[in-house]
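Chains as they are written, first to last, in our numbering: chain X, 46 to 368; chain R, 7 to 189.
This is the structure we're talking about:
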């Protein structure tokens with residue numbers, strides 16, 4: 046009755062990074078998200094799929110969009126959600142991460158959604174979690190933010206038919222951006238041939254080209270005939286020391302304004318993972334303009350997170366990939 | 007193995023269309039046709055073509071995919087081929103004719119009804135199927151005449167389509183799936 050699943054579309058137990066996912070794994074998540082999107086437009090924005098499952102949002106770092114949309118995604122799947130506000134929790138009293146994990150397992154949780162300022166934190170939880178517990182990375186340090194990258198791929202696919210014909214520009218604080226890293230992996234896996242990265246030298250990791258992107262020094266050159274522009278947030282909270290002369294100076298060289306956007310294709314998409322610093326990395330007129338899909342990204346984020354949760358918790362016993 | 011060829015399927019769809027047409031001939035508002043993915047959705051399209059003019063149908067045929075309403079997530083996982091449901095946004099106060107190819111355990115119909123109620127509050131839901139078979143597990147019955155078939159363990163029937171529409175009989179070893187697996 047059930048067709049055997051080919052190995053490269055095995056459902057994941059955890060989602061820690063987009064690095065190493067197969068094309069079919071990504072596409073199966075995007076396809077499933079497509080089915081969840083209309084749920085948000087209905088009278089009752091809820092399906093009973095994960096009834097009785099317990100999801101814990103464990104956020105060691107502030108977050109608005111990601112935490113809220115993870116919470117909404119879990120609730121729309123009828124799961125029970127606990128939000129652990131770490132600023133007020135026992136970790137402040139010196140509880141170790143492992144003890145936190147064991148206590149949450151003792152509360153019979155099924156899924157842990159983790160955000161942490163340290164790269165590798167989600168991986169740590171995944172390695173130590175009980176066999177029935179799944180871990181989703183909601184952003185770890187500078188390392189990865191896989192659901193953000195997947196919702197960006199989902200948003201691009203809803204507007205652009207063919208990934209293998211796209212030119213994508215990523216501009217901004219690439220060095221501190223787990224979003225950029227996860228996006229680059231996902232774009233490469235989906236076959237995007239031309240990924241151009243633009244950033245001040247101080248905000249550019251030295252080895253970035255090994256990921257399969259092209260570093261372009263000037264935003265104007267990079268934008269020419271591109272299909273998608275992804276602007277990144279200037280992450281002031283991760284900057285210790287002097288990376289930039291000033292925000293005004295940054296905007297003059299790397300800010301996306303209407304004149305620069307005119308160099309891209311007329312139907313080019315403008316994206317930003319949020320929260321935006323208006324007139325620092327993106328002009329207000331562009332962020333609110335007709336080519337911007339920034340708020341659509343937020344809505345799509347719910348459907349994509351629902352798809353990831355459904356696939357991870359809904360994997361049939363014995364049908365899972367080690368990743 | 008082909009149980010019903012295309013002309014025979016068409017004849018049964020005609021009969022079903024006549025029964026639905028007769029029931030709603032004097033209704034003040036036409037019903038909404040909603041097919042259950044995938045066989046029921048093809049059937050709903052075929053019925054819609056036949057009834058569009060006679061009943062002055064005001065909405066295209068809708069589809070529901072009950073993947074997210076199944077009761078067997080722990081057994082089967084999320085089906086990778088789940089499709090978006092498309093139901094008119096205004097089901098409030100409307101009569102819905104829910105359409106499926108085969109009525110078996112009744113679990114799919116239950117799941118579909120649960121989903122329909124998440125779109126609003128329909129005035130009534132009626133069930134139209136091509137075929138009913140033995141193995142019911144829930145108190146669900148069709149509202150329009152359907153062919154009754156008796157199957158052996160390990161046998162199942164499904165509508166193949168969308169073009170041509172044929173009713174297929176499939177055989178597998180009884181252990182490969184048990185009846186409770188089918189929603």
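Beta carbons: idealized from backbone N, C-alpha and C, even for Gly.
| query | result |
| --- | --- |
| Within-9 Å CB hit, residue 368 of chain X to chain R | Low confidence applies to residue 368 of chain X: its pLDDT is 44, below 50, so where it sits in the model is not reliable enough to give any reading. |
| Chain R within 9 Å of residue 360 of chain X, Cβ atoms only | yes |
| Below-9 Å beta-carbon distance, residue 2 of chain R vs any chain X residue | The structure shown does not extend to residue 2 of chain R, since chain R spans only 7 to 189, so no value can be given for it. |
| Min CB distance residue 121 of chain R to chain X below 9 Å | yes |
| Sequence-distant residues of its chain with Cβ nearer than 6 Å to residue 223 of chain X (five each side left out) | 184, 187, 188, 189 and 190 |
| Meets three-Cβ-pair contact criterion under 8 Å: the segment 214-231 of chain X and the segment 189-204 of chain X | yes |
| Nearest-angstrom Cα separation, counted from residue 156 of chain X out to residue 289 of chain X | 40 Å |
| Ranges of the beta strand (DSSP E) found wholly within the segment 199-251 of chain X, counting only runs of at least 3 | 212-216 and 239-243 |
| Run of the alpha helix (DSSP H) containing residue 149 of chain X, from where it starts to where it stops | 142-151 |
| Reduced DSSP category for residue 94 of chain R - H, G, I as helix; E, B as strand; rest coil | coil |
| CB contact below 9 Å: residue 79 of chain R versus chain X | yes |
| C-beta neighbour in chain R for residue 92 of chain X, strict 9 Å | yes |
| Within chain X, the residues that residue 166 of chain R reaches when beta carbons sit closer than 9 Å | None at all; the shortest Cβ gap to chain X is about 16 Å. |
| Proximal chain X residues relative to residue 71 of chain R, where beta-carbon distance stays under 7 Å | 80 |
| Residue 314 of chain X, buried or exposed, once every other Cβ within 10 Å from all chains shown has been counted against 16 | buried |
| Interface positions of the segment 151-162 of chain X facing chain R (Cβ-Cβ less than 9 Å), listed along the chain | none |
| Identity of the residue in X/274, X/251, X/239 and X/247 nearest residue 259 of chain X by Cα | X/239 |
| Chain X within 9 Å of residue 89 of chain R, Cβ atoms only | yes |
| Residue-level contact to chain X via CB, residue 6 of chain R, 9 Å cutoff | What the structure shows of chain R is the stretch from 7 to 189, and residue 6 of chain R is not part of that stretch, so it cannot be assessed. |
| Own chain residues within Cβ distance below 6 Å of residue 4 of chain R, not counting five before or after | Because chain R spans 7 through 189 in this model, residue 4 of chain R falls outside it and cannot be assessed. |
| Proximity test, Cβ basis, 9 Å: residue 56 of chain X and chain R | yes |
| Closer than 9 Å to chain R by CB, residue 356 of chain X | yes |
| Residue 358 of chain X - DSSP class collapsed to helix/strand/coil | helix |
| Given residue 118 of chain X as reference, the closest of X/99, X/106 and X/176 once Cα atoms are compared | X/99 |
| Boundaries (first-last residue) of the alpha helix (DSSP H) holding residue 113 of chain X | 110-121 |
| Selected residue, minimal CA-CA separation from residue 144 of chain X, among X/57, X/162 and X/170 | X/170 |
| Candidates R/20, R/100, R/114 and R/8: closest to residue 150 of chain R by CA position | R/20 |
| Proximity test, Cβ basis, 9 Å: residue 124 of chain R and chain X | yes |
| Chain-ordered chain X contacts of residue 84 of chain R [CB-CB under 8 Å] | 56, 77, 94, 355, 356, 359 and 360 |
| Residue range of the unbroken beta strand (DSSP E) whose run includes residue 322 of chain X | No beta strand (DSSP E) holds residue 322 of chain X; DSSP gives it neither H nor E. |
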